[in-house]
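Novice: In terms of numbering that gives the first Met the number 0, the sequence shown opens at residue 0 and continues consecutively.
Here a beta-carbon is modelled for each residue, glycine too, at the ideal position from N, C-alpha and C.
Below is the structure I would like to discuss, written out as structure tokens.
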Amino acid sequence: MTMREQIVLTAKLALPAILAQLSSIMMQYIDASMVGRLGADQSASVGLMSSSLWLFWGVCSMITMGFSVQVAHEIGAKRYDRARSVLRQGITSSFIAGTVIALIGLGIAPFLPEWLGGDASITHNATMYFSVFIVALPVLTMNYLAGGMLRCAGNMKVPSLLNVMMCLLDVVFNFMLIFPARELHICQYSFTMPGAGLGVLGAALGTVAAECVTATVMMYYLCRRQRGLTIGLRLSAAFRPTRAVLHKAVRIALPMTAEHAVFCGAQIMITIIVAPLGVVAIAANAFAVTAESLCYMPGFGIGDAATTLTGQSFGAGRMDLVKRFGYITVAMGMLIMTVMGAVMYVAAPVMMDIMTPVAAISELGSEVLRIEAWAEPMYAAAIVSYGTFVGVGDTLLPAIMNFGSIWLVRIPVAAVLAPTAGLRGVWIAMCVELIFRGAIFLWRLASGRWYRNAKKSASAMAEAEISDSFPEEDLE
């Protein structure tokens with residue numbers, strides 16, 4: 000492939016992935032905007048639980064990546080029977096894992112808001128909001144698995160379109176569940192808009208309903224329509240996890256899962272640091288995080304493309320392409336997120352005004368967004384480099400790098416600055432840490448050690464005899 004062909008292929012894969020991530024964030028943006036109309040207390044109850052929900056969602060998502068990366072390798076090597084075997088085992092393992100994690104979440108749900116330092120006025124709504132999402136976690140895990148499998152198979156369009164559908168469904172369900180029934184007047188016509196008036200609970204139910212519908216459609220497409228991965232859905236021994244596949248999934252996913260747990264643990268610690276600053280600070284922090292995600296989610300989309308490109312190149316034994324795609328995707332991510340950071344700096348007040356009518360929350364949120372805008376290029380470097388490393392199964396050291404950056408830089412600096420600088424100090428700490436993290440990921444990418452490790456791993460895979468580790472193909 001010429002350099003131009005590589006760039007075009009990267010763009011073709013990255014654009015749908017960016018749109019998928021963007022639609023997901025738009026859904027959160029819509030939720031935040033609708034809940035923001037209910038008042039500061041309701042906004043704070045949602046914001047208090049956001050970091051904890053990211054922890055549970057992310058752990059389930061990382062578990063599914065242990066199987067998705069294997070599928071990328073098998074498809075890259077054109078071993079479609081093995082790819083289908085990994086898919087079957089991934090469905091069983093991921094559903095069981097999602098169920099166990101959901102039970103853990105339900106067990107701590109009544110106590111979590113108080114542990115996070117939430118005021119008594121918001122703990123009830125916070126518990127309800129958290130519990131609804133946790134109950135649906137097994138289904139949401141299937142959504143993560145299906146989306147990851149499709150992307151690693153090179154299909155970015157279907158997950159993107161289905162995520163857009165999920166966004167639209169979320170708007171409809173939220174309108175019906177958050178607000179009470181009301182009269183609408185359009186031109187000379189009047190009609191009653193149905194509504195349950197459930198407030199914060201309705202926001203959770205609406206989002207979960209949209210995600211469950213999307214998960215059903217995406218799993219159907221993956222198992223019955225995706226070329227190379229079509230499988231029969233009747234239960235059989237082929238769905239039973241094997242030691243070889245589970246071992247490789249754990250080796251890939253465990254560092255990622257631990258890294259994400261540590262990252263979200265840091266976010267929870269930030270929430271604990273912010274909680275004493277008051278309801279306005281909690282709400283402004285939550286809304287600013289949602290607004291900023293519009294800027295950095297394109298980076299995660301390009302990171303998904305990087306995982307697919309390097310993973311399939313690795314599986315095909317094209318180590319030259321692994322290295323080139325790593326550099327191309329990182330450069331593309333940094334360029335796009337630099338532009339997005341500039342847009343966020345200029346549009347910060349507008350972004351916050353959309354989400355909340357409370358002037359104090361909007362003003363504080365705008366200030367911290369402008370602080371964070373300076374870190375976006377280096378944040379892109381960290382996100383996309385991480386996706387590149389994941390594609391070749393190199394996850395342990397990047398996870399340690401994320402761990403060290405967050406806990407040794409962000410948390411200490413935030414704890415020192417928060418008492419005197421308030422929420423602004425917390426976001427200054429975040430900006431400093433993201434710049435540091437991007438620098439160390441760029442250093443590792445440029446050092447080439449990840450590439451040399453991948454070459455050694457590819458040689459070992461070529462020499463190993465693993466055919467007896469997979470069950471015979473189910474011909475249904």
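Does DSSP put residue 179 in a helix, a strand or coil?
Specialist: Position 180 of the sequence shown holds residue 179. In the structure shown, residue 179 sits in a strand (DSSP, three-state: E or B).
Novice: One question on the structure: do residue 314 and residue 74 come within less than 8 Å of each other, judged by their Cβ atoms?
Specialist: Numbered from its first residue, the sequence shown carries residue 314 at position 315. Numbered from its first residue, the sequence shown carries residue 74 at position 75. Yes.
Novice: I need the DSSP call for residue 195, collapsed to helix, strand or coil.
Specialist: Translated into positions along the sequence shown, residue 195 becomes position 196. Three-state result, residue 195: strand.
Novice: Helix, strand or coil: which one does DSSP assign to residue 226?
Specialist: Start at 1 with the first residue of the sequence shown, and residue 226 comes out as number 227. Here residue 226 sits in coil by DSSP.
Novice: Helix, strand or coil for residue 338 per DSSP?
Specialist: Counting from 1 along the sequence shown, the entry for residue 338 is found at position 339. It is helical.
Novice: When you compare only the Cα positions, how much space is there between residue 203 and residue 452?
Specialist: Residue 203 sits at position 204 when you count from the first residue of the sequence shown. Residue 452 sits at position 453 when you count from the first residue of the sequence shown. If I take the Cα positions, the gap works out to 44 Å.
Novice: Within 10 Å of its beta-carbon, does residue 397 have 16 or more other beta-carbons around it, so buried, or fewer, so exposed?
Specialist: Here the question's residue 397 lines up with position 398 in the sequence shown. Buried: at least 16 other Cβ atoms inside 10 Å.
Novice: What's the C-alpha gap between residue 274 and residue 281?
Specialist: As a first step, residue 274 is located in the sequence shown; it is residue number 275 there, counting from the start. As a first step, residue 281 is located in the sequence shown; it is residue number 282 there, counting from the start. Rounded to whole angstroms, residue 274 to residue 281 spans 6 Å at the Cα level.
Novice: With distances taken Cα to Cα, identify the nearest neighbour of residue 82 among 244, 56, 212 and 36.
Specialist: Against the sequence shown, residue 82 aligns to sequence position 83. Checked all of 244, 56, 212 and 36; the closest Cα to residue 82 is 244.
Novice: What residue does the alpha helix (DSSP H) around residue 112 start on, and which one ends it?
Specialist: Locating residue 112 in the sequence shown gives position 113, counting from the first residue. Per DSSP, residue 112 belongs to the alpha helix (DSSP H) from 111–114.
Novice: Using beta-carbon positions only, say whether residue 217 and residue 158 come within less than 8 Å of one another.
Specialist: As a first step, residue 217 is located in the sequence shown; it is residue number 218 there, counting from the start. As a first step, residue 158 is located in the sequence shown; it is residue number 159 there, counting from the start. In contact: residue 217 and residue 158 (Cβ atoms closer than 8 Å).
Novice: Please identify the residue among 47, 93 and 12 whose C-alpha is closest to the C-alpha of residue 125.
Specialist: The sequence position of residue 125 within the sequence shown is 126, counting from 1. For residue 125, the nearest C-alpha among the options comes from 47.
Novice: Taking the CB atoms as reference points, tell me whether residue 367 and residue 272 lie closer together than 8 Å.
Specialist: By 1-based counting over the sequence shown, the position of residue 367 is 368. By 1-based counting over the sequence shown, the position of residue 272 is 273. No.
Novice: Taking C-alpha atoms, which residue in 401, 310 and 264 lies nearest to residue 50?
Specialist: Position 51 of the sequence shown, counted from the first residue, corresponds to residue 50. Ranking the options by Cα distance to residue 50, first place goes to 264.
Novice: So, helix, strand or coil for residue 274, using DSSP?
Specialist: What you label residue 274 is simply residue 275 of the sequence shown in a count that begins at 1. Reduced to three states, the DSSP call for residue 274 is helix.
Novice: Could you pull the start and end residues of the alpha helix (DSSP H) that residue 395 belongs to?
Specialist: Your numbering for residue 395 matches position 396 in the sequence shown. It spans 395–404 - the alpha helix (DSSP H) in which residue 395 sits, taken as one unbroken run.
Novice: Count the other CB atoms, across all protein chains shown, that sit within 10 Å of the CB of residue 409; report buried if there are 16 or more and exposed otherwise.
Specialist: As a first step, residue 409 is located in the sequence shown; it is residue number 410 there, counting from the start. Looking at its Cβ environment, which holds 16 or more other Cβ atoms inside 10 Å, residue 409 is buried.
Novice: Residue 128: buried (16+ other C-beta within 10 angstroms of its C-beta) or exposed?
Specialist: Taking the first residue of the sequence shown as 1, we reach residue 128 at position 129. By the neighbour-count rule (16 or more Cβ atoms within 10 Å), residue 128 is buried.
Novice: Nearest by alpha-carbon distance to residue 427: which of 446, 246, 364 and 380 is it?
Specialist: What you label residue 427 is simply residue 428 of the sequence shown in a count that begins at 1. Checking every option, the nearest Cα to that of residue 427 belongs to 364.
Novice: Under the rule that 16 or more other beta-carbon atoms within 10 Å means buried, what is residue 110, buried or exposed?
Specialist: Position 111 of the sequence shown, counting from 1, holds the residue named residue 110. So residue 110 ends up on the exposed side.
Novice: Please report how far the alpha carbon of residue 311 lies from the alpha carbon of residue 3, in whole angstroms.
Specialist: Locating residue 311 in the sequence shown gives position 312, counting from the first residue. Locating residue 3 in the sequence shown gives position 4, counting from the first residue. Answer to the nearest angstrom: the Cα atoms are 19 Å apart.
Novice: Which class does residue 386 belong to by DSSP, given the choice of helix, strand or coil?
Specialist: Residue 386 sits at position 387 when you count from the first residue of the sequence shown. Residue 386: helix per DSSP, three-state reduction.
Novice: Kindly list the residues whose CB is nearer than 8 Å to the CB of residue 267, restricted to its own chain and excluding five residues on each side of it in sequence; keep chain order.
Specialist: The residue given as residue 267 occupies position 268 in the sequence shown. Within the same chain, residue 267 has close Cβ partners 50, 51, 54 and 115.
Novice: Among 337, 131 and 167, which one has its Cα closest to the Cα of residue 201?
Specialist: Here the question's residue 201 lines up with position 202 in the sequence shown. Nearest option by C-alpha distance: 131.
Novice: Pick out whichever of 412, 227 and 250 has its Cα sitting closest to the Cα of residue 84.
Specialist: Stepping through the sequence shown from its first residue, residue 84 is reached at position 85. With distances taken between Cα atoms, residue 84 lies closest to 227.
Novice: Can at least three beta-carbon pairs, one atom from the stretch 319–339 and one from the stretch 377–388, be found at a separation below 8 Å?
Specialist: They touch, by the three-pair rule.
Novice: Using only alpha-carbon positions, find the residue among 385, 319 and 369 that is nearest to residue 5.
Specialist: Against the sequence shown, residue 5 aligns to sequence position 6. The shortest C-alpha separation from residue 5 is found at 319.
Novice: What number of angstroms, rounded off, separates the C-alpha of residue 431 from the C-alpha of residue 250?
Specialist: Translated into the one-based positions of the sequence shown, residue 431 becomes position 432. Translated into the one-based positions of the sequence shown, residue 250 becomes position 251. Those two C-alpha atoms are separated by around 31 Å.
Novice: So, is residue 180 buried or exposed, given that buried needs 16 or more other C-beta atoms within 10 angstroms?
Specialist: Here residue 180 is taken as the residue at index 181 of the sequence shown, counted from 1. Residue 180 is exposed by the Cβ-count criterion.
Novice: Can you check which of these residues, 152, 69, 10 and 299, is closest to residue 386 by C-alpha distance?
Specialist: Locating residue 386 in the sequence shown gives position 387, counting from the first residue. With distances taken between Cα atoms, residue 386 lies closest to 299.
Novice: Which one of 45, 345, 301 and 413 has the shortest CA to CA distance from residue 12?
Specialist: Residue mapping note: residue 12 aligns to position 13 of the sequence shown, counting from 1. Measuring from the Cα of residue 12, the nearest candidate turns out to be 301.
Novice: Under three-state DSSP, which class holds residue 284?
Specialist: Here residue 284 is taken as the residue at index 285 of the sequence shown, counted from 1. Three-state DSSP puts residue 284 in a helix.
Novice: How big is the Cα-Cα spacing for residue 112 and residue 172?
Specialist: The sequence position of residue 112 within the sequence shown is 113, counting from 1. The sequence position of residue 172 within the sequence shown is 173, counting from 1. Each residue's alpha carbon lies about 26 Å from the other.
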